[in-house]
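K.L.:
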Ligand SMILES: Nc1ncnc2c1ncn2[C@@H]1O[C@H](COP(=O)(O)OP(=O)(O)OP(=O)(O)O)[C@@H](O)[C@H]1O
Ligand SMILES: [Mg+2]
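The structure is reproduced here in C-alpha cells:
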C-alpha cells in the first residue's frame, strides 16, 4: 500500500452561532494515500466545505477547529504558526475552488495570478524563469499561451477552471482539495476539465480530495470515497465497493437515489431531510430517516469501525442489514 | 475602435456638453425679457441716483458697450467666439474687472484648498475604511473609527464653525478668516507660503474631518463585500502574504466604486466650496459666487456656472478614460 500523506484524526470544527453550536465537522477521521483520488460526498450542508477549509486552517469566526490532528507527512499542521501555515497552503495543500464563477481576481491578468502565489512562497525568480513557468503551467492544463495576458472576464467557464487547476498545481503540492470544481460547467466541459485535473494531478503526484455530490462523477474519478452526513463520516470505502455493496444505510439510499437509464420509474429520493444542525437527534444522527433503525440507534452512537479490510462505517446494524441482503447491495 | 478614436469621440462629447451649457447660459437670461441695463439703471434710480431724460441715451451707450446693440444671433456668435478665448465679458458689480479675471484670481485658492483636502480625505479615508474592514487590523485602528464616522455626520460648515470657535477664537492658534494676512502682498516667498498654509489649515481640516468618514464608510462597505467573494478565499488558500491579499485582491477591487464617486466628487469640489469659503471668508470661487449672487452680477454667476459645468464634464471625461485602465471589465468597445 502507498504511504499515507495526510492523516485526519478526530477533526472537530464547530460554528458558535447565536442560536447554538453547529457541529459542522464532528469527529471526522480518514487517511489520504499518496497520489490517490479520494471523494467526499454528502448532501448540501453536511460539512464538506468545512472539512476542506479546516484542512487549510481557513475557518473563519464564528467557526473554530475544536480539536483533532491534521498530520501532513506526520507533522500536525494544527500546531504550526500562522506564518508556517501560510507556507503550507499551495505548497503543501492546495485548493481548487469552483473557478467558473469568480475565483479569479477580475482586475489582474492570469499571468499575475499564476505568479503571485509562487512569489509569495519561493521569493523572486527571474522574469524569464517566471514566464517559462507560466507557459509550462498553462500548457499543462491545455490552455494557449495567450491566456496569460487575459483577464477572467475574457475566459470561458472551462478556461477559468483550468486556470484554477494551474494555480493549484503550481507549487507541486502533496494534496489538492477540489471543492466542487466543475459544478457550474456543462457536462461535456466538465468531463474534459476532470480529465485535465486527473492528468495534472498524476503529473505532480499529488493526492486529490474531490468534494461534491455528483455520484456519477465520483464513480469515474475517485479511488476511494467518504460519505458524510450531518458533520460525520458514515462510511469510507473503495469506490467500487460503495456502489456494489454500500455498508451504511445512508450510502445505500444515496446510491439508490441516483437515476439510472434502465429503471425509468419515479426518481427515488431519501425520505425526510437532513436534521437541523442545531438540534441533531440523539444516538446515530441518521436514525430518524433510517429504514433499519431501532432503539440502539436512538440511544447510542456507533463509532466508526473497520468493518472489513479497507472499509469503515459507523452503524449498529451492518450485520443485520447484511443478513437481509446477502447478495450485497440493494 | 482604437483608443485614439475613442479619445477623439469622448473629447468631442465634452465640447458638446460645454457648448450646450454655454448656449443655455446665453439664452436663459435673455428669454426672461428683462433688460439688464435698464434694470440696473432703474435700481440706481431707486437709490436716488438722478438719471433724468437721458436714460435712453445711457441705455444706448451701455448696450453698445456690452454688445447688446446687435441682433441676437450676432450676439450669440460673438459670445461663443469670446468664450473660446475664455473672455466672459466684464463684471457688472466690479466693472471694469472681467469675469475671467475674477474667476482666474479666485479659482486657484479654491482648487488649492478643496482639491488638496478632497484628495487627502479620499486617500486616507479609503485606506482607513479598508483597514477597519480587514480582520487582522490592530484593534486600536478600529476603535478610533466611530469618531470619524460621527464627524462625517456633521455638515462641514458646522464643523468649521466649531473649529473656528475653539482654535481661532478661544485658543487663537490659527487665523479666523481669509486666505492670507490682510495687508500682505501675495508673492512667491516662503513667508507668504507659510501664512497661506496657516490660513488654509482650519478650512482644510473641517473638510477632511467631515469627509474622511464618508470615504471610510464607503470603503468599509465594499471591502466587507469583497472579502466574501470567491477570489479572496482562493487568494488566502494560495498562501499569499496578508499584504498581497489586502492590497492586490481586496483594496484593488474595493477601490473601483470608490474611484467613480471620487471622480464625481471632484467635479463638485468647486460648488462644495461655497459654504466653507463663506464660513472662513476664504478668497475662493465660492465666496465670489456668493457675493455675485448678492449683487445680481449675472456675468460672473454665469461664468462660475460655466466653470462648474466644465469641471464636472472634465471629471467625467477623466473617469471614462481612466477607469478601463483600472477595471479591465469596462471596455471602450475595442475588443
Ligand atoms: N460561517 C458559518 N456560520 C455558521 N454556520 C456555518 C458557517 N459556515 C457553515 N456553517 C454550517 O456548517 C454546516 C456545513 O456547511 P458546509 O458549507 O461545510 O456544507 P457543504 O457540505 O459544503 O454544503 P454544500 O454542498 O452546499 O456546499 C452547515 O450546516 C452550515 O450551516
Ligand atoms: Mg460546500
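Protein chains in written order, with my numbering: chain B, 1 to 330; chain L, 1001 to 1335. All residues carry an ideal CB built from backbone N, CA and C; glycine is no exception.
Residue 32(B) and residue 6(B) look like a contact to me (Cβ under 8 Å); what is the Cβ gap, rounded to whole Å?
P.N.:
4 Å
K.L.:
Identify the contact partners of residue 149(B) in chain L, using a Cβ-Cβ distance below 7 Å as the criterion.
P.N.:
Simply none; closest approach about 11 Å.
K.L.:
Rounding to the nearest angstrom, what Cα-Cα distance links residue 165(B) and residue 48(B) in this structure?
P.N.:
20 Å
K.L.:
I want to see whether chain L comes within less than 8 Å of residue 97(B), judged by CB atoms only; does it?
P.N.:
yes
K.L.:
If residue 238(B) sits next to residue 224(B), beta carbons under 8 Å apart, how far is it from one beta carbon to the other, in whole angstroms?
P.N.:
5 Å
K.L.:
Could you check if residue 25(B) is buried or exposed, using at least 16 other CB atoms within 10 Å of its CB as the buried criterion?
P.N.:
buried
K.L.:
Taking only beta-carbon positions, decide if residue 1236(L) is within less than 8 Å of chain B.
P.N.:
yes
K.L.:
If you count every other CB in all the chains shown that lies within 10 Å of the CB of residue 127(B), and 16 or more means buried, which is it?
P.N.:
exposed
K.L.:
List the residues of chain L that residue 289(B) touches, going by C-beta distances under 7 Å, in chain order.
P.N.:
Correct list: empty, because the minimum Cβ distance to chain L is about 32 Å.
K.L.:
For a cutoff of 8 Å on Cβ pairs, would you count residue 213(B) as touching chain L?
P.N.:
no
K.L.:
Which complete alpha helix (DSSP H) runs does the region 1199 to 1284 of chain L hold, if anything under 4 residues is left out?
P.N.:
1230 to 1237, 1252 to 1267, 1269 to 1279
K.L.:
Quick check: is any heavy atom of ligand 1 less than 7 Å from the C-beta of residue 148(B)?
P.N.:
no
K.L.:
What's the C-alpha gap between residue 1329(L) and residue 1120(L)?
P.N.:
28 Å
K.L.:
Under the three-state reduction of DSSP, which class applies to residue 10(B): helix, strand or coil?
P.N.:
Annotated three-state conformation of residue 10(B) is strand, per DSSP.
K.L.:
Name, going along the chain, the residues of the region 1129 to 1153 of chain L whose beta-carbon falls closer than 7 Å to a beta-carbon of chain B.
P.N.:
Here the close residues number zero.
K.L.:
Output yes or no for whether 8 Å exceeds the beta carbon distance between residue 178(B) and residue 208(B).
P.N.:
yes
K.L.:
Are the Cβ atoms of residue 1164(L) and residue 1151(L) separated by less than 8 Å?
P.N.:
no
K.L.:
I'd like the list of long-range same chain contacts for residue 1018(L), defined as Cβ closer than 8 Å, with 5 residues on each side in sequence excluded.
P.N.:
Spatial neighbours of residue 1018(L) in its own chain (CB-CB distance under 8 Å, excluding positions within 5 residues in sequence) are listed in chain order as 1306, 1309, 1310, 1313.
K.L.:
Considering only heavy atoms of ligand 2, list every residue whose Cβ is less than 7 Å from one of them, following chain order.
P.N.:
48(B), 49(B), 179(B), 180(B), 211(B)
K.L.:
When every heavy atom of ligand 1 is checked, does at least one fall within less than 7 Å of the C-beta of residue 342(B)?
P.N.:
The structure shown does not extend to residue 342(B), since chain B is modelled only from 1 to 330, so the question has no answer here.
K.L.:
Give me the chain L residues within the contact set of residue 104(B), using Cβ-Cβ distance strictly less than 9 Å, ordered along the chain.
P.N.:
1230, 1231, 1234
K.L.:
Please name the residue in 298(B), 274(B), 50(B) whose C-alpha comes closest to that of residue 211(B).
P.N.:
Checked all of 298(B), 274(B), 50(B); the closest Cα to residue 211(B) is 50(B).
K.L.:
So residue 1109(L) is in the alpha helix (DSSP H); what residue range does that whole segment cover?
P.N.:
1099 to 1110
K.L.:
Can residue 1337(L) and residue 1285(L) be called in contact, C-beta distance under 8 Å?
P.N.:
Residue numbering for chain L in the displayed model covers 1001 to 1335; residue 1337(L) lies beyond these limits and cannot be assessed.
K.L.:
Is it the case that the region 134 to 145 of chain B contacts the region 155 to 165 of chain B, given that we only count it when at least three CB pairs across the two stretches are under 8 Å?
P.N.:
yes
K.L.:
From 1149(L), 1276(L), 1283(L), 1235(L), pick the residue whose C-alpha is nearest to that of residue 1219(L); which is it?
P.N.:
1149(L)
K.L.:
Give a yes or no on whether the minimum CB-CB distance between residue 117(B) and chain L is below 8 Å.
P.N.:
yes
K.L.:
Alpha carbons only, please: which of 1041(L), 1146(L), 1066(L) is nearest the one belonging to residue 1056(L)?
P.N.:
1041(L)
K.L.:
Would you identify the three-state DSSP class for residue 324(B), choosing helix, strand or coil?
P.N.:
helix
K.L.:
Examine ligand 1 and report whether any of its heavy atoms sits within less than 7 Å of the Cβ of residue 251(B).
P.N.:
Shortest gap from the CB of residue 251(B) to any heavy atom of ligand 1: 7 Å or more.
K.L.:
Considering only C-alpha positions, which residue in the set 1141(L), 1176(L), 1066(L), 1258(L) is nearest to residue 1214(L)?
P.N.:
1258(L)
K.L.:
Span of the alpha helix (DSSP H) holding residue 1157(L)?
P.N.:
1156 to 1163
K.L.:
Are the region 1175 to 1182 of chain L and the region 1198 to 1206 of chain L touching, with three or more C-beta to C-beta distances below 8 Å?
P.N.:
yes
K.L.:
With a threshold of 8 Å on Cβ separation, who are the neighbours of residue 1092(L) within its own chain once the five nearest residues in sequence on each side are excluded?
P.N.:
1036, 1040, 1295, 1296, 1297, 1298, 1299, 1300
K.L.:
Can you find a heavy atom of ligand 1 that lies under 7 Å from the Cβ of residue 1018(L)?
P.N.:
Answer for residue 1018(L): no, Cβ out of range of ligand 1.
K.L.:
CA-CA distance, residue 1009(L) and residue 125(B)?
P.N.:
43 Å
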